[in-house]
Amino acid sequence: MSEPSIGAAIAGVVRRDLLLAARRKSEPLFTLGFFVLVASLFPLSIGPEPELLRRIAPGVLWVAALLAAMLSLGRMFAADYDDGTLEQLALAPVPLMAATMGKVLAHWLVSGFPLVVVSPVLALQYGLPADVIAMLALSLLVGTPVLSLVGAIGAALTLGVRGGGVLVALLVLPLYVPALIFGAGAVDARLAGLSPAANLSLLGACLALAALFAPLATAAGIRISLE
Amino acid sequence: MNWGSSAEFLAMGGYAFYVWGSYLAALACMTLEPLLLALRRKRALERLQAERTRHETAA
Amino acid sequence: MSNGLINWFRYGSPQSFYPLAGRMVPWFAALAALSGAAGLWIAFFVAPTDAQQGEAYRIIFVHVPASWLSMFLYVIMAGWAGLGLALNTRLSAMMAHAIAPTGAMFAFLSLWSGALWGRPTWGTYWVWDARLTSELVLFFLYLGYMALNAAIDDPRRADRASAVLALVGVVNVPIIYFSVKWWNTLHQGASVSLTRAPSMATTMLTGMLVMAIAFWMYSIAVALARVRSIMLEREAHTDWARELKETA
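Chains as they are written, first to last, in the working numbering: chain A, 1 to 227; chain B, 1001 to 1059; chain C, 2001 to 2248.
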């Protein structure tokens, strides 16, 4: 039997994960629901003054998306770890890194991309103008994959460990800081009428770095957790 | 010499709370840490002693 | 040359390193006390009063060395962790675990002294400048390392998992620092930078260096003492541990 190519392997993993997610439609909805809820809490706590809300919107919406993405991390590998599929993936003739990339991609499609799609609606709630809304969606489009990639490392290291989501949060939130700064910074810049180019390119650089190195650390983490 | 008297030294030009707050915190941390470590060592040796007795009676 | 190589790896086992570490602790403790005394002397009796900040600036002799050590110790910790991963040695991982609490302590001290310095100088206990904010993130990186190590029951799995985390962290620290600095310069209006402290007189720099050395010697002493306790805890079932002459 010939070994499948890397691309085919990744596609296979993505297809399987998407199929599983389609059967459990509740999961992406939980992530979205959390995103909307958190975004709604801030006006309730700060007051509905439009000028103030507009100013804090980029940061608040980015933090809400970040927290929603982080909460979904527990589901990235846990099910496969529990039923032994992850072990099979590790033993398969395909590099574990490829399978990992597939799982991260599938996870982002299910838990990260929906945040991008819903963000304009929330941005309207905060009274952001159209071009800023577009920038928010763009920054999340580039940023949420970073969150999935980096978060995968935390998810892999904590498989089957007690402490659950809070432990992953503690591990992963410090690593999220650069993406948050550049992502929210791009939207802030657009809101202030300045160029978001620098922030966006730095965010893109984060994505490139994460795509290159995170799968390696994640695969290492999975192997360690499987021992 | 910077200080005319020990009272001046303690007062730190009015900033006594901040300066001494920092140095005392440093002193506290660097005393507490070795102390906790001594406690940890003591407990580890006690457990080792228990392990030793268990091993000897089993032998 | 092969003799030298064999000698090094002989100390790679907990059994042989345990007595060596025990002999080293008092020496480093003594060095810490001596350099600490020298540093404090410079801090209070040699360094002159600052024209702008008065006596409050003397906090610098605690704050800056603590910051330096917190960052330095993280790199050393990650180094030991990486070594443990690469060579699959227990002792390297134990050294990393031994360093972490001390590093976290210095990060905390840096934040604490930074806050106390900020209040009289800039008016608030917390200043969102790049250095303090990065220090806060570093503190959480330490906590994450210790939490992960504590959460995993199997010691070897804990060793390897926390090692990966430490390596990921050490790669991220420059990125995080850069991003925070970036963020700080963009929002420069409200915040002030503690790095623009009074220009360094030579005595001030010397004082900070001597205090840094004192903290460093202290860290080595504490880490060596701690790794001994870790060894006692983890090697309790081995013959060499049982045959130790120490009593409780």
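Cβ coordinates follow ideal geometry from the N, Cα and C atoms, glycine included.
Item to check | Neighbourhood of V161 (chain A) by C-beta, 7 Å cutoff - its chain only, sequence neighbours within 5 removed | outcome: So the list reads L167, once near-sequence residues are dropped.
Checklist entry - Three or more beta-carbon pairs under 8 Å between the stretch 2069 to 2079 of chain C and the stretch 1032 to 1041 of chain B, yes or no? => result With the cut-off at 8 Å, the stretch 2069 to 2079 of chain C and the stretch 1032 to 1041 of chain B do not touch.
Checklist entry - Among residues of its own chain, excluding the 5 on either side of A2107 (chain C), which ones have a beta-carbon nearer than 7 Å to its beta-carbon? => result In chain order, S2070, E2135, L2138, F2139 and Y2142 place their CB closer than 7 Å to the CB of A2107 (chain C), counting only its own chain and leaving out the 5 sequence neighbours on each side.
Checklist entry - Under three-state DSSP, which class holds G2054 (chain C)? => result Of the three classes helix, strand and coil, the one that applies to G2054 (chain C) here is strand, per DSSP.
Item to check | chain A contacts made by the stretch 2150 to 2165 of chain C, where a contact means CB separation under 7 Å | outcome: Those residues of the stretch 2150 to 2165 of chain C that come within reach of chain A (Cβ to Cβ, closer than 7 Å) are A2151, I2152, R2157, R2160, A2161, V2164 and L2165.
Next on the checklist: Taking only three categories from DSSP, how would you classify Y1015 (chain B)?
Outcome noted: In the structure shown, Y1015 (chain B) adopts coil according to DSSP, grouped into three states.
Next on the checklist: Counting C-beta neighbours from all protein chains within 10 Å, is the total for E1056 (chain B) 16 or more, i.e. buried, or is it exposed?
Outcome noted: So E1056 (chain B) counts as exposed.
Checklist entry - Where do the ends of the alpha helix (DSSP H) carrying K103 (chain A) lie? => result Run containing K103 (chain A): L96 to H107, per the alpha helix (DSSP H) assignment.
Item to check | Unbroken alpha helix (DSSP H) run spanning W2068 (chain C), endpoints | outcome: Looking at the DSSP string, the run of the alpha helix (DSSP H) that includes W2068 (chain C) is I2060 to L2087.
Checklist entry - Taking 8 Å as the CB-CB limit, is I2213 (chain C) close to chain A? => result No, I2213 (chain C) does not count as interfacial toward chain A.
Next on the checklist: Counting only Cβ-Cβ distances shorter than 8 Å, please list the residues of the stretch 2112 to 2136 of chain C near chain B, keeping chain order.
Outcome noted: Residues passing the 8 Å Cβ filter: W2112, S2113, L2116, W2117, R2119 and P2120.
Item to check | Any chain C beta carbon closer than 8 Å to S1006 (chain B) | outcome: Taking Cβ atoms only, chain C never reaches closer than 8 Å to S1006 (chain B), which makes this a no.
Next on the checklist: Rounding to the nearest angstrom, what Cα-Cα distance links E227 (chain A) and R2157 (chain C) in this structure?
Outcome noted: The straight-line gap from Cα to Cα measures roughly 7 Å.
Next on the checklist: What are the residues in the stretch 157 to 169 of chain A lying within 8 Å of chain C by C-beta distance?
Outcome noted: Taking 8 Å as the Cβ-Cβ cut-off against chain C, the residues of the stretch 157 to 169 of chain A that qualify are L157, T158, V161, R162, G163 and L167.
Next on the checklist: In this structure, how does DSSP classify L1039 (chain B) when only helix, strand and coil are distinguished?
Outcome noted: In the three-state reduction of the DSSP assignment, L1039 (chain B) falls in the helix class.
Checklist entry - Using the C-alpha atoms, what's the distance from M135 (chain A) back to P114 (chain A)? => result Rounded to the nearest whole angstrom, the CA to CA distance from P114 (chain A) to M135 (chain A) is 16 Å.
Item to check | Other residues of its chain near T2133 (chain C): CB distance less than 6 Å, five sequence neighbours each side excluded | outcome: V2180, listed in sequence order.
Next on the checklist: I need the straight-line Cα distance from G2082 (chain C) to M2146 (chain C), nearest angstrom please.
Outcome noted: It is roughly 16 Å from the alpha-carbon of G2082 (chain C) to the alpha-carbon of M2146 (chain C).
Checklist entry - Near R16 (chain A), which residues of its chain fall below 7 Å by C-beta distance, leaving aside the five closest residues on each side in sequence? => result Exclusion of the five residues before and after R16 (chain A) leaves no residue of its chain whose Cβ lies closer than 7 Å to its Cβ.
Checklist entry - Among C:L2020, C:P2065 and C:Y2011, which has the Cα closest to the Cα of M2204 (chain C)? => result Nearest option by C-alpha distance: C:P2065.
Next on the checklist: Taking 7 Å as the limit between beta carbons, can you name the residues of its chain near G112 (chain A), skipping five residues before and five after?
Outcome noted: Here the set comprises A69, T144, P145, L147 and S148.
Checklist entry - Under 7 Å Cβ-Cβ, which residues of chain A neighbour G2054 (chain C)? => result Within chain A, no residue comes near G2054 (chain C); the closest Cβ sits about 35 Å away, beyond 7 Å.
Item to check | I153 (chain A) vs A205 (chain A) beta-carbon contact at 8 Å | outcome: The beta carbons of I153 (chain A) and A205 (chain A) sit no closer together than 8 Å.
Checklist entry - Does the stretch 2056 to 2064 of chain C touch the stretch 2154 to 2171 of chain C, meaning 3 or more C-beta pairs lie closer than 8 Å? => result Pairwise C-beta distances place the stretch 2154 to 2171 of chain C out of contact with the stretch 2056 to 2064 of chain C, as fewer than three of them are shorter than 8 Å.
Item to check | Y2011 (chain C) - DSSP class collapsed to helix/strand/coil | outcome: Y2011 (chain C) falls in the coil class under three-state DSSP.
Checklist entry - Quick one: what's got a C-beta closer than 8 Å to S5 (chain A)'s C-beta in the same chain, skipping five residues either side? => result Closer than 8 Å at the Cβ level, and outside the excluded window around S5 (chain A), lies no residue.
Checklist entry - Interface residues of chain C around L1037 (chain B) at Cβ under 8 Å? => result Simply V2222, A2225, R2226 and S2229.
Checklist entry - Given that a residue counts as buried once 16 or more other Cβ atoms are within 10 Å of its Cβ, and exposed if not, what is P28 (chain A)? => result P28 (chain A) is buried by the Cβ-count criterion.
Checklist entry - Does the beta-carbon distance from A2043 (chain C) to F2061 (chain C) come in below 8 Å? => result Between A2043 (chain C) and F2061 (chain C), the C-beta gap is smaller than 8 Å, which places the two residues in contact.
Checklist entry - Closer than 8 Å, CB to CB, is A99 (chain A) near chain C or not? => result Closer than 8 Å: no.
Checklist entry - CA-CA distance, F1009 (chain B) and G2118 (chain C)? => result Rounded to the nearest angstrom, the two C-alpha atoms are 21 Å apart.
Checklist entry - Which word fits T31 (chain A), buried or exposed, when buried means at least 16 other C-beta atoms lie within 10 angstroms of its C-beta? => result Buried: at least 16 other Cβ atoms inside 10 Å.
Next on the checklist: With a threshold of 8 Å between beta carbons, is N2172 (chain C) in contact with chain A?
Outcome noted: Answer yes: the Cβ-Cβ gap between N2172 (chain C) and chain A drops below 8 Å somewhere.
Checklist entry - Exposed or buried, T1985 (chain C), counting other C-beta atoms within 10 Å across all chains shown (16 or more means buried)? => result This structure cannot settle anything about residue 1985 (chain C), because the visible part of chain C is limited to 2001 through 2248.
Next on the checklist: Against chain C, with Cβ distances strictly below 8 Å, would E51 (chain A) count as a contact?
Outcome noted: At least 8 Å separates the CB of E51 (chain A) from every CB of chain C.
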